[in-house]
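Report on the structure given below.
Structure, rendered in structure tokens:
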């Protein structure tokens, strides 16, 4: 156990931990300002903002011997007896000088800069800078140049921390960005004809401590202080990156990665980052509808729909479902664990022999792995694994979608409940025609589809940003997302529909459902209680269970 | 003085002094032959250590001690880099050695590789020395032909390959870790230390980096022994435990306003005035010296009163200079404006700052702009304090930068303003009579071209 002293606060760090001064100070609740240091990148110690005084305490005598010069905290390891002083006059003067230096050429165009409000340079200048400007140089203008299809560079705002350069070398492994020229004239740039074009490119905007790298998707869209951020899970693929959804007044403006060492570290891919636009598509379906029985008399077979309020349509549906006979349900891999559980429970409550199938699982290309281990999965849905775990609790035979389509004519179902929620078109006319003989087809989806045209009941659902609940990623990690925006008028969260039809009181509360799942489904035992924001690994429990099962030699359906 | 016999420049001036034949005719490569036959690498290291040879590149770190920092029993490879990126303004002694007597350098490099068990040596040569490039390459080729380089040198089990690498002309490539980065094909941004190059240097392997003149000294130590070497120069100051003494011959580059500028060999410890008067033939045009740079402009300035400072490793430091540096003395006569001198110095360092650390990148550029404004007749007395503040806050000594370039930029500022403050104030008062004492922030200027 190493003892480290930071500004007279003494902390202990584990023997197997290797912390630098910044990390050790953070443990003591002290923030050391920095630009170039990022926990996910190599240390260059070049911005010199994290300079502190350091020394060593003699373990036996307790005497502290300080180094005469300042050292960068990011590069100085915290060892047993290390002393850091982060608030002395010498340190403050050095910070003020660095701030003044950085602003010599900076355009100070905060009013038109997207970064304003979350900018290190702004924050640190207010905190550590000395008020007046002594430099006799007119700051540069806001020169802007494109470095890639999604990222733009405001050259003069740059503080040359080289985080972005190191990111493209160490994390994406694509090395598009470089430093050009020398001294105060140097700039970040790309080699002519080789733009910043990789699937992790958007991360350079996140790690830029100032407004130099701008996200074209977000450029001039919103001031950051107007947005609220909500913890969520990316639904773009089965990696399930931890993210923040940032919205203002029910409109999503951007997604940002949220640190999670078990899943995505500090990063997310551009597919996920820019894949949210469908949430606000004008083509979203809204308003619950019921199919009106058309008379056969005049041979007119055009289906007609009437708009019905949610309360009566669900009452009506419940009544029809109860006498429908055999049931089948198709679970979209975009449903949360809670929703899948509630729907399965609902269907099973009516027909204990109901057929449960998993909807189409979109697979595009192959998994793409990056040098640091970040992987973009080919499976473009968030909860395939979660569905498998939930549904196998209700039946031994969970059908894949293709299987289900084949067996559908033989089942003689009275009603089929189909959930969609895919960002892309997910069912074609040929597949949809297999549902022609289904007497009662209940559809929950966000876009119209060939199947939507055949539905008896149309219950518009929501997209991920409005959907609270949990997802299980491909490595059995369960993470919980908050809802960030309210559903568009006329749409309802799928889970709240099941909640109501199951007769549960009050508003839809996924946490209560998850508690019930954790108590009743052994595979989810780890999900009990309040969960950390990084989620839990469900396998921890499964390993234990497998061990128990092997010991007792008894087969269990889980 | 009378007994001092030049050794480093002994061959310079002979016809074809750069060829192996001439070099061998004066005893060249005999030291190598004898050392490989009679001494172990550890013996040679001990010999160099005993000679108290200090690196000639500028910092004056004891060479033998540097070699012992290499990890023991390392499986290899260990690399040797000969730093021939001689870019300190005023310095040209390495050039003389490489052009006129390259074999002396190469023999020293081979010996040093033997002592450090390095199997590959790189000579990192600045691009601006095409003559040195041709002569060194020819000399290396001759050595391969003669069996001094390659496999099993002179029948021993010691093998060595030597490569000549040309840099692309940047001052920062002379910083040892900048040199390594450049040699690896990267941008020459000095590395953070630790790890030091001796532990993890070129291609992540233990690496020794020595100056060209240091290599030449190793040749003569192997040839004549440590006692001979220690008989020259200034012994350590007994009152200063950190002084390791300054021994051996040294090449002094004398330039500026003297009658006979040139590269002269003298024992370490010669005073600046002796150098100017005895070798340089005095200040030109019967003028008086106003100041002199003791060892490349990054070392600061000696005033006329300080010219009796001995030019050894600790002498210039006693009068406020950074150190001996490269022992390149530049003499400024009484007509030179110190404002112009400082402007020139700041322009150099602003141009050569690699741009990695904020205080150096911005500090050097800012100080240049202030001096440009001052020379344009808009200086203020307050600028001097600001310049001093920049000078005092940048560099590896206060800890604000990774490498020593910023110290080199800071010392001329600190020395010039502290030692010639009256002249600066007079200049500002004279050229800006209506605004010299204004202290409000200067209205922003359109950037004056300085690159």
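Protein chains in written order, with this note's numbering: chain Z, 2 to 559; chain S, 6 to 456. Quick reminder that beta carbons are idealized off the backbone N, C-alpha and C, glycines included.
Could you check which residue in 330/S, 208/S, 98/S and 223/S has the C-alpha nearest to that of residue 52/S? Nearest in C-alpha terms to residue 52/S, of all of 330/S, 208/S, 98/S and 223/S, is 223/S.
Tell whether a beta-carbon distance below 8 Å holds between residue 216/Z and residue 206/Z. Taking a C-beta distance under 8 Å as the contact criterion, residue 216/Z and residue 206/Z qualify as a contact pair.
Can you name, in chain order, every residue of its own chain whose Cβ lies under 8 Å from the Cβ of residue 479/S, other than the five neighbours on each side? Nothing can be reported for residue 479/S, as the shown portion of chain S is limited to 6 through 456.
Short-range partners of chain Z found in the segment 407-419 of chain S, where Cβ spacing is below 8 Å: Hits within the stretch, in order: 407.
Establish whether the CB of residue 446/S and some CB of chain Z are separated by less than 8 Å. With its beta carbon less than 8 Å from one in chain Z, residue 446/S belongs to the interface.
Helix or strand or just coil, what does DSSP make of residue 281/Z? In the three-state DSSP reduction, residue 281/Z falls in the helix class (H, G or I).
Check whether the Cβ atoms of residue 329/Z and residue 396/Z lie closer than 8 Å to each other. Their beta carbons are not under 8 Å apart, which means residue 329/Z does not touch residue 396/Z by this criterion.
Tell me the residue span of the alpha helix (DSSP H) that contains residue 347/S. From DSSP, the alpha helix (DSSP H) with residue 347/S extends over 343-357.
Unbroken beta strand (DSSP E) run spanning residue 288/S, endpoints: In the DSSP assignment, residue 288/S falls outside any beta strand (DSSP E), carrying neither H nor E.
If we count the other Cβ atoms within 10 Å of its Cβ and call it buried at 16 or more, is residue 558/Z buried or exposed? Because the pLDDT of residue 558/Z is 41, which lies under 50, any placement of that residue in the model is unreliable, and the number read from its coordinates should be weighed accordingly. Classification for residue 558/Z: exposed.
State yes or no: is the C-beta of residue 354/Z within less than 8 Å of the C-beta of residue 499/Z? Taking 8 Å as the Cβ cut-off, residue 354/Z and residue 499/Z do not qualify as a contacting pair.
My guess is that residue 62/Z and residue 85/Z are in contact by the Cβ rule of under 8 Å, so how many angstroms apart are they, rounded? About 20 Å separates the beta carbons of residue 62/Z and residue 85/Z, which is beyond the 8 Å limit, so they are not a contact pair.
Within the segment 179-214 of chain Z, note down every full alpha helix (DSSP H) run reaching 4 residues or more, in order along the chain. Taking only runs of at least 4 residues, the alpha helix (DSSP H) segments lying wholly in the segment 179-214 of chain Z are 204-208.
Just confirm the distance between the C-beta atoms of residue 376/S and residue 348/S, as a whole number of angstroms; I'd bet it's less than 8 Å. Rounded, the Cβ-Cβ distance is 4 Å, consistent with contact.
Chain S within 8 Å of residue 70/Z, Cβ atoms only: Answer yes: the Cβ-Cβ gap between residue 70/Z and chain S drops below 8 Å somewhere.
I'd like to confirm the pairing. Which residues does DSSP put opposite residue 167/S in its beta bridges? Answer is 126/S.
To the nearest angstrom, how far is it from the Cα of residue 305/Z to the Cα of residue 490/Z? Taking the straight line joining both Cα atoms gives about 22 Å.
When you compare the CB of residue 400/Z with every CB in chain S, is at least one pair closer than 8 Å? No, residue 400/Z lies away from the interface with chain S (no Cβ there is under 8 Å from its Cβ).
Cβ contact check for the segment 250-268 of chain S and the segment 19-28 of chain S: 3 or more pairs under 8 Å: Remark: fewer than three beta-carbon pairs, one from each stretch, lie closer than 8 Å, so the segment 250-268 of chain S and the segment 19-28 of chain S are not flagged as touching.
Would the segment 379-386 of chain S count as touching the segment 401-410 of chain S if we require 3 or more Cβ pairs under 8 Å? For the pair of segments examined, the segment 379-386 of chain S was found not to touch the segment 401-410 of chain S: the number of CB pairs separated by less than 8 Å stays below three.
Report yes if the C-beta distance between residue 12/Z and residue 23/Z is below 8 Å; otherwise report no. For the pair residue 12/Z and residue 23/Z, the CB atoms are not nearer than the 8 Å cut-off.
Assess, as a yes-or-no matter, whether the segment 129-146 of chain Z is touched by the segment 166-180 of chain Z under the definition of 3 or more beta carbon pairs within less than 8 Å. Of all C-beta pairs linking the segment 166-180 of chain Z to the segment 129-146 of chain Z, fewer than three are shorter than 8 Å, placing the two stretches out of contact.
Within chain Z, the residues that residue 209/S reaches when beta carbons sit closer than 9 Å: Per Cβ cutoff of 9 Å: no residues; residue 209/S is ~13 Å from chain Z at best.
If you draw a straight line from the C-alpha of residue 519/Z to the C-alpha of residue 231/Z, how long is it? Approximately 24 Å, taken between the alpha carbons.
Straight-line Cα distance separating residue 283/S from residue 7/S: With a pLDDT of 48 at residue 7/S, under the threshold of 50, the predicted position of this residue should be treated as unreliable, though the coordinate-derived value follows. Going from the Cα of residue 7/S to the Cα of residue 283/S covers about 12 Å.
Please check if any C-beta of chain Z sits within less than 8 Å of the C-beta of residue 391/S. So yes, residue 391/S belongs to the interface.
With 16 other Cβ atoms within 10 Å as the buried cut-off, status of residue 255/S: Residue 255/S comes out buried.
Beta-carbon gap between residue 391/Z and residue 379/Z smaller than 8 Å: Note that the C-beta distance between residue 391/Z and residue 379/Z is not below 8 Å.
Would you report the Cα separation of residue 176/S and residue 331/S, rounded to the nearest angstrom? Roughly 14 Å between the two C-alpha positions.
In this structure, does DSSP put residue 266/S in helix, strand or coil? Here residue 266/S sits in coil by DSSP.
Spell out whether any CB of chain Z is found under 8 Å from the CB atom of residue 362/S. Taking Cβ atoms only, chain Z reaches closer than 8 Å to residue 362/S, which makes this a yes.
When Cβ atoms are compared, which residues of the segment 256-272 of chain Z fall closer than 8 Å to chain S? Using a CB distance below 8 Å, no part of the segment 256-272 of chain Z faces chain S.
List the residues that DSSP assigns as beta-bridge partners of residue 59/S. Partner(s): 67/S.
Counting only runs of 3+ residues fully inside the segment 415-482 of chain Z, write out the beta strand (DSSP E) ranges in chain order. For the segment 415-482 of chain Z, whole beta strand (DSSP E) runs of length 3 or above, ordered along the chain, are 416-420, 441-446, 458-461, 470-473 and 478-482.
DSSP three-state label for residue 24/Z, please. Helix at residue 24/Z.
Would you say residue 102/Z reaches chain S, if we count a Cβ-Cβ gap shorter than 8 Å as a contact? Judged by the 8 Å Cβ criterion, residue 102/Z is in contact with chain S.
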